[in-house]
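Below you'll find the structure, written out as structure tokens, and then a few comments.
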Amino acid sequence: MPEAAVTVLPTVMVVDADVLVRHALSEYLRGCGYRVIEASSTDEAQNFFALGEIDVGAVLCDMKAPGRLGGFSFARWMRETHPKTDVILAGAPERAAEEAAELCENGPQLARPYDPQLVLERIKRQHAARARLLQE
1 MPEAAVTVLP TVMVVDADVL VRHALSEYLR GCGYRVIEAS STDEAQNFFA
51 LGEIDVGAVL CDMKAPGRLG GFSFARWMRE THPKTDVILA GAPERAAEEA
101 AELCENGPQL ARPYDPQLVL ERIKRQHAAR ARLLQE
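Numbering-wise, the sequence shown is residues 1 to 136 according to full-length UniProt numbering.
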């Protein structure tokens, strides 16, 4: 039986000072199969990129993220220094959730307050999809 091709999703960085929002979005994206790196400020994000250890495909950044560079300046810096990395600016938790959902194939809109039933259904679908992949 031939091995199933595995799609490798890009690593995503979530930059947001609000740990609850950042963690919820990060866990959601992880559930969609992404590797996620979290940063609480643009300074922390810049320090990560300075290490150059991991290729990041997309950065989801709060426009009001703290740091020497605000969200817009950080996006400009990213485009100048890492032009192959997509930068998504989000202005509110709801908008950040919408952007995160767009990264997830067929992902539902994740908005606050979270609907536990939608979260549970998403988890079940994701688990079933992974189980099918492992069986192929």
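Using N, Cα and C, we set each Cβ at its ideal position, and we do this for glycine too.
Look up residue i in the DSSP assignment and give the residues it is bridged to.
i: L89; result: C61
i: T81; result: Note: T81 sits in no beta bridge, so no partner.
CB residue i to CB residue j, shorter than 8 angstroms?
i: V15; j: C61; result: yes
i: T85; j: A58; result: yes
i: V19; j: L29; result: no
i: D43; j: T11; result: no
i: A17; j: A50; result: no
i: M63; j: A39; result: no
Can you name the start and end residues of the alpha helix (DSSP H) that residue i belongs to?
i: A24; result: V19 to G31
i: E38; result: Unbroken run through E38 is the beta strand (DSSP E), V36 to A39; no alpha helix (DSSP H).
i: D43; result: T42 to L51
In or out: residue i buried (at least 16 other Cβ within 10 Å) or exposed?
i: M78; result: buried
i: G67; result: buried
i: G91; result: exposed
i: F72; result: exposed
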